[in-house]
Structures are given as C-alpha cells and as structure tokens.
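Report on the following structure.
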Amino acid sequence: MTALVIVLALPLAGALAVIALPVRAAVPVALSATALTALSALVLAASVWQGGPVTLMVGGWQPPLGIALQADGLAAALIVMSALVVGAVAMAAWFEMAAARAGPRAAFGFWPLMLLLWGALNAVYVSRDLFNLYVGLELLSLAAVALVAISGTAQALVAALRYMIFALAGSLLYLAGVVLVYAGHGTLDIGLLSARSPAPGDALALGLMTAGLLAKTALFPFHVWLPPAHASAPAPASALLSALVPKASFLILIRLWFEAMPELASTAALLMLAGLGAIAVIWGGVLALVQSRLKLIVAYSTVAQLGYMFLVFPLAGGDGSAQPWAAGAWTGAMFQALSHGLAKAAMFLVAGICIAAVGSDRLGDLRGLARALPMTGFAFALAAITLMGLPPSGGFTAKYLLMTSAFAAGQWPWALVLAGGGLLAAAYLYRPLAALFTRDARLPVHPVARAWQGVPLALAALAVLLGLLSAAPFDLLQIGRPEPAVEGL
Amino acid sequence: MNAALPVLILLSSLVPAGVTFFLAQDSHTLRNTLNLGGAVVKLGLIIWMLFAVAGGASYEASLPLAPGLVMLLRVDALALLFISLSATLWFLTTIYAIAYFGTKAELSRFFGFFSLCVAATTGLALSGSLISFFIFFELLTLSTWPLVAHKQDKPSLSAARVYLAYALPGSAALLWAIIWLESATGPVLFTEPPDLSALDPGALRGIFALFIIGVGVKAALVPLHGWLPADMAAPAPVSALLHAVAVVKAGAFGVVRVIYDVFGASNVAALGVGEPLAILASVTIVWGSVRALQQDEIKKRLAFSTVSQVSYIVLGAALASPLAMIGGLVHLIHQGLMKITMFFCAGIYDERAGVRKITELNGMGARMPWTSVCFSLGAMGMIGLPPLAGFVSKFYLGLGGLEAGAPWVLGVLVASTLLNAAYFLPLLYRLWFLPAAEDARGDERAPALVVPAVVTATAALGVGLLAASPISPLGWATLIVAREYGP
Amino acid sequence: MSAFYQGSLVPLAVLVWPLLVGLVPVVPRWRARAVRVLPLAPLPALGFAMAGAPGELFLPDLMLGVHLAAVPGATLFLAMTALVWTVAGWHAALTLRAGPQAGIFAGFWCLTLAGNLGVFLAGDVVTFYLAFAAVSLAAWFLVVHDRTAKALAAGRLYITLAVLGEAALLVGLMIGAAAADDLRISSVREALSDAPMGQLGLAALVVGFGIKAGMVPLHLWLPVAHPAAPVPGSAVLSGAIVKAGLIGMVLFLPQLSGWQDVLIVLGLVGGFGAALWGLTQRNPKAVLAYSPVSQMGLLLVLVGTGSGGVAYYALHHGLAKGALFLGVGVLIAAATRQQRRAVLVVAGIVALSVAGLPPAGGALAKLAAKDGLPAVLVLALTLSGVTTTLVLGWFLVRLAQLEARPEPRHLWRGLFAGCMVLAALALVLPWVLWEQASALPLHYPLRSVNLLAGFWPVLLGIGCVALVCWRNPPALQPGDMLALLPERGMVVGPKQGAEGRLRRGATARYRRMALRALLRSRRADIPLQPWPRAGLVLFAGALALAALIGRPG
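Residue numbers (my numbering), protein chains in the order written: chain A, 54 to 542; chain H, 26 to 512; chain V, 25 to 577.
Structure, rendered in structure tokens:
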C-alpha cells in the first residue's frame, strides 16, 4: 500500500523538487527520486505477487463516491517495466543529458519532465476511474510533447506541434466518450461500469474513447506523428516516448474493452482493431526498411511493434474471452508490451550512444562502429532479437502465445501477420546491424564511457531474460485478471 | 544428478562463451584455456554418459517457461550421437582455430560466438521438446551469423546476409509448423508422440511440409541450399564447424526428430509424405554433386559436396526402414568426420600455401604430405570407398532403400558415387600427380593445424574399419534404432 | 563383447603382409629403393596356397564383420597370383628406376596385390568389395607410372571404367545383401536369383566383373592400358588382376540364372573376335593385350557352363600370360642377338602352350576344360586354338621386330630367369596338378585323339600367321570401339559464358527496380500527415468504430 503511494507520489514530488532546488542539485535529486521510486515499484510488484491486487481507496471512500486505485498483476508488471526503463534512461541521461552535451535548457528540463512523465504513467497504470485516467493521460501527453520539443530545433518543434495536435484531438475524443458514459451511468469507475445496465450511448462512447486512444497509441493510420516526434527528441527522451508512452493508452484500451465494457465488443469492431494492427505491422515494417537514419528506423519499428498488441482484440476479446486460448492471447499481448518496452528503450539508448560517438545516426556514418563500441553493438543485436521475436527473448514468448492462440482460435491469418512481421523486423533491423558490424569505419569515434554503454546492454539483456524466465511474469500478469487464465494452451 | 548432467553439458560451452565475450583481446592464454577446458570437460561428461545411457540410464532437466513453453533437456541415445560428434569436433576445431587465428583481431568475439554456437548445437541435441528445439535452433542461427561475418569484409557480410535471408524465413516456417501442431495437440515432447488425430491429413501434410522447409533450410535441401556455398567466405574453422557439425547437421538432426519423434514413422508413411521427402533428398544429392563439379574453388566444391552429402541423412530418415535409418544416422557422424577433415585441409592449404583454387593444388601432395593424405582420405570416404566411413553409410542406405521398397535409391547412390568420384578424383590427381607451379610455396610447420586434420581423418578411417564393433558410431546408431525406433 | 577374432589369423596375415611391405616407401629414406622389396610381398600368399589355403577367420568387429576363407578354387588362383606377382615384382625390382615415383609405384603395387589376394579370400561381400576396390583402383598407379601423355590418357580410361565397375558392383552386392539379409557371399549368391530386382543385381554384377575381366564389350581398357603400363604392371594386370573379375563371376552368379548363356555368348565373341582384332595392332604389347581378352572370353565360356576347370585353366593362363608380358620386357633389355633369340624361343614355347599344343600345360588346361562340355563348345574351344595361335604368332612376329634398349648383361640374366621361371611353371605345373584338378588319369592327355585335337588347330594357326605376314593386315589404333565414343576429356568444368552474364544482368535490373519501389515507399506517410486530413481520418475512425460496436449481433 505504501509502495503504491510512493510510486505515484515520489516522481511528482521529485519533479517539483528538481524545479525548486538549485540547478546543480537537479541531477542528484532526480536520480535519487528515480532510485527510490524504482525500489518501491519492485516492492509493490512483490506484494502483488504475494498478496494479490493492492487496492487503495483514496480518502477511504468507496467508488462511486471515492476514487479507487488498484495495482493488479498487469499494472504491477507495467510499473516494474517502466521503473526499469526509467532507471536505465536516467542513468544514460546522466551521461547524455549533461549540460555540455545537450545544452543547458535540455539538460535541466529533461529531469523534471522525465519524473513527471513517470508519475503520470504510474497513475494511468493503477487508476480504476475513467476520468482519473484522462487526467493521467493529459499529464502524460504534456510531458511527452515537452520532451519532444526539448532540444529546441525547428524540426523538433514541428514534430512536437504535430504530436500535440494529435494528442489533444485524442484527448478530446476520449473526453467526449467519458462524458457520454457518465451521462449514461453516473459513474466512471471501471469496476462499477462492468456491472452497469446497458445504455444507448455506450457504443458511441466506446467508439469515441477508442478512437482517441488509438490516436495516442499511434496505431495505423494515426501513427504519422510518431516517427518524426520520436526521431527528433533526444535519445533518452525517445526511449521513454517509444517504450512507455503508447503503453499507457493501450492499457486504457485494454481496461475498456476487457474490463469495463466487454459485452460491447462486437466481432466486427474487434476485427477492425486487429486489422489496423496488422496493417501497422506491415506498414511500419516496410517504412522502417527504407529509412536511412537509425532513430527513424527504430521509430517506425515502434509503429510496427505496437500493431502486434492489437491482435489481442479478436483473439481474447468479445466472445473469445471465455475460450481457453484467451489467456494465452491476452498474456501474449502484454508480454509484447513489456518486452517491446525494454528492447525499444535499449535501442534508442544505443542510438544515443551512436550519436554521441560519431555525431550522427545515419546508417552510412555508423559503419564499423561495433569495433569501437562492441558492447553497444551487442546491445543492439540483443534488442533486435527481441523485436524480431526470436527465442529465447520476451518477444518470442509474446509471439508464441499470440500465434498459438491464433491457431487455436482458428484465426490463422493473424499468425501470418506475426510471422511476416518478424521477418520484416529481421529485414529492417539487419541494415543497422550490418552497418555497425562492417569493418571499415568512416568517421572518427569519440570515446563513450563503458558504464553508459552498459545501460542499453542491461536493458536488452532484460528483454531476453523476460523470455528465458517467462514463467514468473506470466503468473504475475494473471493476478487480478478478469477472466482467469486457463492452463494448458 | 540426473537433472544436473544435461545442464552441466550445456553449461560447459555456455559458460566459456559468456566469459570469453568479456575477455580482453590479448588475454590469449586465458581464452584458450577456457575454451579448451570447456571442450575437455564436455567430452568427459559425454563419455561418462555414453556408458550410462548404453546401460539404459536417461537424464532429464526441465525449465517451465510460460505455459506450453517447456524447456526440456533430455539425454537419449540419439541426442548423445549428435553431441558426442559435436563435442569431439568442437575440441579439435578449437585447437585448429587457435592455431589458425594466432593473434589476429577480434578473437574474444569470435571464440565467444564459437562456443555459443556449440552450446546451441548441444542444446539442440539435448532438446526434449519441440519448443526447446526451436529455441536452440534459433540460437544457432543467431550465433552463427557473427561467425560467418567474422572477417567483416564485403564478401563475408554479404554471405552472412544471405545466410540470414535463408535462415530466418526457415525459422518462421518452423515456428509456424510448431504452433500449428501444438495448437491442436498441446506441447509436444519427444518422449511421448503427440496424438495427431485432432488434425485432418491435409493439415498434417501441411505441417510436415512446413517442418521440412524449416529444418530443410539448415540441412541445405535443394532448393533451400543457396546459403551454404555463399557462406564459404567465412574463415576455415567456421566453415569446418558450420558444414561438418553445427548448422547442416542441426537441420538433418531436425529432420530425424520430426519424422521419428514428432510424427512417428508410421504416420509419415500413412500420410504419404516420406517418399516425396526421400525424392527431394535424392534430388539434392544429385544436384549438389552436379553443382560441385562446376566449382573451381576448393571450398565451394566442398560446400556443394556438403549439400549433397547431408541429404544422405535426410534420405535415410525419410525412407524410414531400420537399415536406412541406421545408414542415415551413422552418416551424421561419418559425414561430419570426413567433411571436417576436408575443410581443415582446405584451410591449411589456404593458410600455409595460399591455395584456394583447384588448379592451384598441383603438386601439393609432395609439399604438404600429411594434409594431402588427410584430404585424400576424406575425398575417398566421400566417394564411398571401403573401408572408409562413407562406404558404411552408403551401404546401409542402399540396403535400407531396398528394404523400404525404394530400389531407385540405388540409382541415386550410384549417381552420387560416380559424381563424387568425378569431382574428387581430379583433385587427388592434381595433388599427387601434377608438378607444382614454379612459384608454389607451402609447408606444414603448424602442427596445431595439421594434427586435428590427422585425427579426424584417422577417425574417418577408424569408424569405417571398425564399423561392426559395438562402440562404433554404427553400433550406436544400431542401438538407437533398435531401442527407440524399432518395430 | 565378443572376442576380437575367431579362427585362424593366417589368412589375415597373408593380406596384411603386402600392406606392411607397401608401407616401406612411406619412410623417406627407403622410398627411392622401395621397389627392391616387391618380390617379398606375395611370398606368404604363395606359402599359404602351397599349404592348401587352410584356415578360416571371422573378425566380428572389423568393418561389417569380416569373414576370411579360401573360396572354391582359391588354392590355384592364389598360387598363380602369388607366382605372377613374385616374378613380376622381381622384374620391377630390377628394371624400375629408383626415385620417388618408384616409391609410389611400390606402395600401390603392394596395395593392388593385397586386393588381388583378397578377392580370393573374402568370405563376405563387404570384404570382397574392399578387396575388389583395392585391386581395381590402386592398379591405376601401375598404369600411369610412366606419366607420359599416353599413359595418363590410358589411366583416365582405366579409372573411369574402374569406377563405373565399382558402382555397378556396389548395386549388385547391395541388392544381393538386402535379399539375403546376410553379408556372406554364399548366402548372397543363393538369394540373388530369387531376389526382388535380382536380375538387375545380376546384370550389375556381370557389368562390374565384366569390366575387370575384360569381357567384350567392356574390355576397352585392356588394349589401351597394357601398352601404356610398365612391363611388370602389364604382366600382373593381364595375368592376375583380370582374374579378380573372373572369380567374382564364379562366386556370385548362381547356377541356371539365365546369365550363363549371356556369358557364353559374350565369351565366344571375345574369344574369337578379340584374337582377330589383335592382328590389326603393331605394338607387340597391344597385340598381346588382345590375347587376354580372347583367353578371358574362353574362361567366361567356362564360367558360363559351370565347368570345374576354370581355376585350372586360369592357373595356366595367368602364368603363361605373365611370362609373355615379361618376355616383352626381357626382349627389350636384350643386348645381343643371341639373347633376343633365347627370349623369342621361350616366348614361342609359351605361346604354343597357350594355343594348346600338346604336351605343354596349355593343352592340359584345355582338355580339362572340355571335360563335360557340350559338343559345340568343345569344338569352339578346339577352334580357339587356331585364333590363339594366330594372334600369338603375330605377336611373336611383331616382337621380333621390336627395338631394344639394352640393359647390362647381369641384369638381363635376372630378367630372363624370371621370365623362364614363369614359363616353366606354365608348362609344368598343369602336369603336376593334373590328376588332382581333372580327376582323370595322367596318361589321358597323351591319348592320340587328344593329341590330334591339340595339334591341328596350332598347325592351322601357324599357317594363318604366315598368310597374315604375307598380306600385312591394316594397322589400327588400340582400343577398337573407343573410336565410337566422342572425344574424351573433361566434359564438365566451371560454368561460364554469355548466358550467366545475361542472367546476372536481368537480376541486377530487377533488384534496381525493387530498390526504387522501396525508396519511393519512404514517402508513404506524407499523405497522411497534414492535420486536416489526419483529423478527418481520426473522426471517421471514431464513428466507424462506434458504428461497428453498435452493430447488432
């Protein structure tokens, strides 16, 4: 319980402290806040693991009067993943966002924004109230847009602006949906909504909320803001944006479609969501294949990887939720969220190291870099393994669970998407890998601290370990899941 | 103890791999000790287990991942056949590689991946479930890539790219097949054949085809063989390991597992998929030989010869009669010994004499007699001359073909014999009979390169000469077939 | 684990000893003079044969289980083989120039010898195949020893046919072994005729053995290889090595399988045709090369009829043919007219013996062979005396005109002695073994009817030789039917040419096109980016979702 409070409050408090205290205290304060929060995230996960979902009634009031916060297995897993990513990003940023390297404004602005973003994320993870979720989402979007703009270049500002427009439009749509729900049922608590009696506006409400969240999750065709935004932010910021931010809106989608209004999930709508996801996998993959900058490749890869997660809807949603394969599909999608988060953060941090080393992230300039920075090259390769969905990584576990469910459900075309997407990922990640591993270096390489290099390696290794030791995360994810997992698929 | 042994065997190459990555480039002694030590430990463990398993013991260790994903390591006779080959040849190849590379650059990376590759092969052999097989199969793909690309020049990188371009779609097909199958039958363990009745024959045929495509890429079945000759850009120890042990054998081993432990020979026969596979293998045997004939680089010729020879194993497995099965399994060992000898020798010719093309081999017999004798032994074994190893496999395959009612196999074997003779005898002729070029150089003052070749050549001769003894590979293959796949 | 061996190790020792001798040239210091030990290599085999080839051996662990035991008739075969190899080895030791090449020759000489002895001792098909492969393939080194273009070309033909023969043999043996479910030769032989695909197996065996035995039309290598090989090489090739094919036929062809008739017909064609074709040759060694084709033809007829006299006939033929081939070498080495005359006389006597002139050994061989044959074949055998006389007479004529490369006197004496020994053995040994081999009384060959049957064909043949000398026959290249084959040489080589380049060009074009399409797709996101459009899409998406969600059912 205390851990839950700390996880929510400490990042926000830390952000305020960083702003309030003198500049030279910023980094130590931010880092210690990060460390403490990360620690309590682990404690929270442990208590969820042992005692089931941890619930906090704010002020002791039960919904609908009060607001409920609940860390179930899914929330706990995402909190831990976020803690790991933010921890790693903070360490990398310690090197990368030094004033000498990133300029004083970015160097200062990064820390409070990072903590703010983190606090918002955690709030979204544990909220059980649609309006609360909206607040968290808004906070998150604000911090994210600011992080995109932090470098201050014209390109970054254009990208940030476009991001903001999409985020605002998405928020508006979501808010409209929330209003409709409140008008229909007088409550916004997810638990209570699941037991509501149907109202005529529900379909429209869910449609509006979903569309808004899709825009924020950057599902095709609403993804156009994502690549420029992620590519123009500083690398640690991109890592946060790509690895964590879309997961928040995706989580709300899951809460809506699986917990709040599962009965509204018509087959056609589920198919549409998954269909868009499938197109995103291909679209993002092909576009990643033709980029010539590492960060753009990685950003487009995010578009593709997010698409996988939407395959969960027809496999585990609607009528399928009671089927034996639903647990596998649902857990698979969540594994995808977790492993993608770790691996993608590692990749952006690698991009940051590359930029620090040769001053560019063009593939041509990266040639031969693995020779000077072997750990970095290795980290990228490990992260790539996860994104390709090759064993024994977390990405493989995700893909395996989704594919098995697709076959069991008789919906094998989704399996085709998964397999094809993996091959596409191999193709687009091969280019930077091959460039890194060629012999002839083109540019002189500035030295990069080994500790900095170790950060993405650790993240990528975690992504692989997620697959190797997948039994524990699997069980954690089942805690508090509405439909109990059926063993044996 | 029963659970610890398979894990220990896996660790005996995994730990050196992990540690080697972090060694400094110039800590040669430590790195070599580590790698050789791992190999020796592994050999010791395997020899111990050989006796235990022959006496009926079995070892098992499992690690449950997500539900349905069971990592199962299990030592059975077939697994031992494969790991004893890989362990022995790993040891020799390590010695060879240490001498081959000397103090060249990037050795820690090389030996790290080298050990990882062996660990993957070991895991593959020990896999007791389809999913762990797949996991190690992929690990093998990935750990081989840096080895192929090791020189990091243009040909190597393009070879490595070609390798992945074949291997990854192959893996996708394999994964597809596994999941399709397991979605109907639940997790497949090799010990208990899955109940296939839930799937209709059409689907089963589809699954089988996908399996074969998946493992066939590694086994270099025509038309999925294109990567193998391209990979000749890799350094000699890599080609030796790749072609004789790790990759192609993993594919062939996979075919055996799929036919006998996943589907079961009787189902394969009932589905009518064994014969098409046998025909595919035969086409590969002949086509590989024909292409080998057209090569003028030694390693390329050897590579196409591998394409051809590995399909002997597939052919034996596909024919599914006991004798053919024995022939196929024993060829796993025999081909490994012969081919690694030849690749060792090709590497020595390249390293000590700068000879890469067949035309440059003239007169090398006199300059490099040990190497050339080994090379000749390997070549004659490939042709199938008794008492070398190749003859034994060929003989069993032929008998097995007749036993399985597929007499055309004899035609394939004869064609292969003749083609093998046609592409190897001219080499021997050049080696021993034509005068050396004026500016030819070449010596054998590198015992660590020559001795492994001599050892494997002797082994190739020995396993043929003592084939009927119970401790020979043939004896072991017979035991496998009698114990696990017998009628 | 069973014992490593069962039975007597003597047969194994007979085979291992030549292999050990063959290792002598491996030692660099001994290499140059290794040929000197060659006469020692066959001696244990000779002793073994004289002791009656006793003992059987089973080595369960070796190869696929090695059985060694004397095959039927092996004593005679072994004796002949050992004798021919001993004397030829003696000849080689005296004539071959010392040097590394002689070392190679010596090594493979011994390997060939071991194989040659092995085919008479093998009890199972794998051992037999091994021995056969050794004698076939290692003999290539005996053919190409001179390294001249002619020798290498002959070697190429030889090795091609030998490899083909090996392959055919393997097919036959596998079919037999599969049918018999056993590897012992006796079981394989029994199983072959009724086996599924047994006829194919038998055909393959006939081809495989036929190539070795010089059966028409598979004899092509003999007339090409003999003139190219050094003299001792030719001697063992035609005297002993061809018998490996013969023993194969004897061992593996079941009685009454239908293939006997084929053997008889082909044997007769060879027996007469080859002899006549020999007249078209000028090189005495080439002329002589057609003689074994002809004699082997007769032997095949005997095999075909199942006659018991095969080994006995082969004994004489092997010794005589060895003597004749060595005679060529001795004549070349002769320094004086006197020496030449001596050689010619010996060669003449041996030739008459081969033709079947009583009371020489050849006549006895023929008599023993005729025993129990149908009348037609008896007549054929008798008539073959004419053609044999003819071709050997022609050989002597050509031999007499051969140019000499004189060797020192003492050396010549040694060579001549070797030739004499073989010749004497060819004449006398059949007498010694007569009763044992034919079960007929010792005076049977001296009956007038038999004497007459021996005399008239030879006289007729001599007449024909005179006729041939008078009307010089046309001179043709050795190798008769080879002329029908297209130009030999490496047919296949690295592929190159315009087609490959064209295809590469096309591939490059496609690759460029694909690349351009990919690069164009880099801009695929741009149409979706401007806000008004994106907003429209977003709202449309929201409504579409709502509509889909609200859709009943």
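Using N, Cα and C, we set each Cβ at its ideal position, and we do this for glycine too.
Judged by DSSP in its simplified three-state form, T206/A adopts coil rather than helix or strand.
When Cβ-Cβ separations below 8 Å define contact, A564/V makes no contact with chain H.
Distance from L279/A to A352/A at the Cβ level is roughly 6 Å; contact confirmed, criterion being Cβ atoms closer than 8 Å.
Look at the beta carbons and you see the stretch 258-272 of chain A touching the stretch 212-230 of chain A: at least three pairs across the two are nearer than 8 Å. Distance between V473/V and G417/V, taken at the CA atoms: about 25 Å. L83, P84, D85, L86, M87, L88, G89, V90: these are the residues of the stretch 70-91 of chain V whose beta carbon lies less than 9 Å from some beta carbon of chain H, given in chain order. Any Cβ of chain H closer than 8 Å to the Cβ of L542/V would place that residue at the interface, and such an atom is absent. Apart from sequence neighbours up to five positions away, the residues of its chain that approach A347/V with a beta-carbon distance below 7 Å are V374, C443, L446, A447, A450, ordered along the chain. Taking the Cα of D493/A as reference, the smallest distance to any Cα among V71/A, A425/A, D528/A is reached at A425/A. Closer than 8 Å to the CB of S208/H there is at least one CB belonging to chain A.
Rounded to whole angstroms, R249/A and H238/A show a C-alpha spacing of 7 Å. Each of E469/H, Y188/H, R316/H, G195/H was checked against the Cα of F236/H, and the nearest Cα belongs to G195/H.
According to the DSSP assignment, Y84/H belongs to the beta strand (DSSP E) that extends over 84-89. Contact between A158/V and T184/V does not hold, since the beta-carbon distance rounds to 18 Å and is not under 8 Å. Contacts with chain H (Cβ-Cβ distance below 9 Å) from the stretch 442-457 of chain A involve G442, L443, P444, P445, F449, T450, K452, Y453, L454, M456, T457, listed in chain order.
By the beta-carbon neighbour count (other beta carbons within 10 angstroms, threshold 16), P260/H is buried. With a contact defined as Cβ atoms closer than 8 Å, V355/H and A502/H qualify at about 4 Å.
Nearest neighbour of R171/V by Cα position, chosen from K419/H, R455/H, I408/H, A145/H, turns out to be R455/H.
Annotation: the continuous beta strand (DSSP E) that includes E80/V extends over 80-83.
Following the DSSP letters along the chain, one finds A258/A in no beta strand (DSSP E) but inside the alpha helix (DSSP H) bounded by residues 255-270. Judged by DSSP secondary structure, L329/A falls within the alpha helix (DSSP H) whose first and last residues are 320-342. Bridge partners of K452/A according to DSSP: none are assigned. The beta-carbon distance between A286/A and L395/A, rounded to whole angstroms, is 19 Å. This is too long to meet the 8 Å contact definition.
In this structure, DSSP gives H115/V a helical state, which the three-state scheme calls helix. Under the Cβ distance rule, L410/H counts among the residues neighbouring chain V, one pair being separated by less than 8 Å. If you check the CB distance, L172/H and F138/H come in under 8 Å. Taking 4 residues as the shortest admissible run, the stretch 306-351 of chain H contains the following complete alpha helix (DSSP H) segments, listed from N- to C-terminal end: 323-344. For the stretch 76-105 of chain H, the set of positions with a beta-carbon nearer than 7 Å to some beta-carbon of chain A reads P89, L90, A91, P92, G93, L94 in chain order. For the options A88/A, W164/A, G140/A, the alpha carbon positioned closest to that of A79/A is the one of W164/A. Inter-residue distance for E385/H and D464/H is about 11 Å (C-alpha atoms, whole angstroms). Around the C-beta of R544/V, fewer than 16 other C-beta atoms lie within 10 Å, and the residue is accordingly described as exposed. Chain-order list of chain V residues neighbouring T263/A: L569, by C-beta distance under 7 Å.
A distance of 8 Å or more separates the beta carbons of G385/A and S319/A.
Membership of H169/V in any alpha helix (DSSP H) is not indicated, and neither H nor E is assigned to it by DSSP. Look at T491/A: its C-beta is under 8 Å from a C-beta on chain H.
Annotation for I332/A: F273 place their beta carbon closer than 6 Å to its own, counting only its chain and skipping 5 residues before and after.
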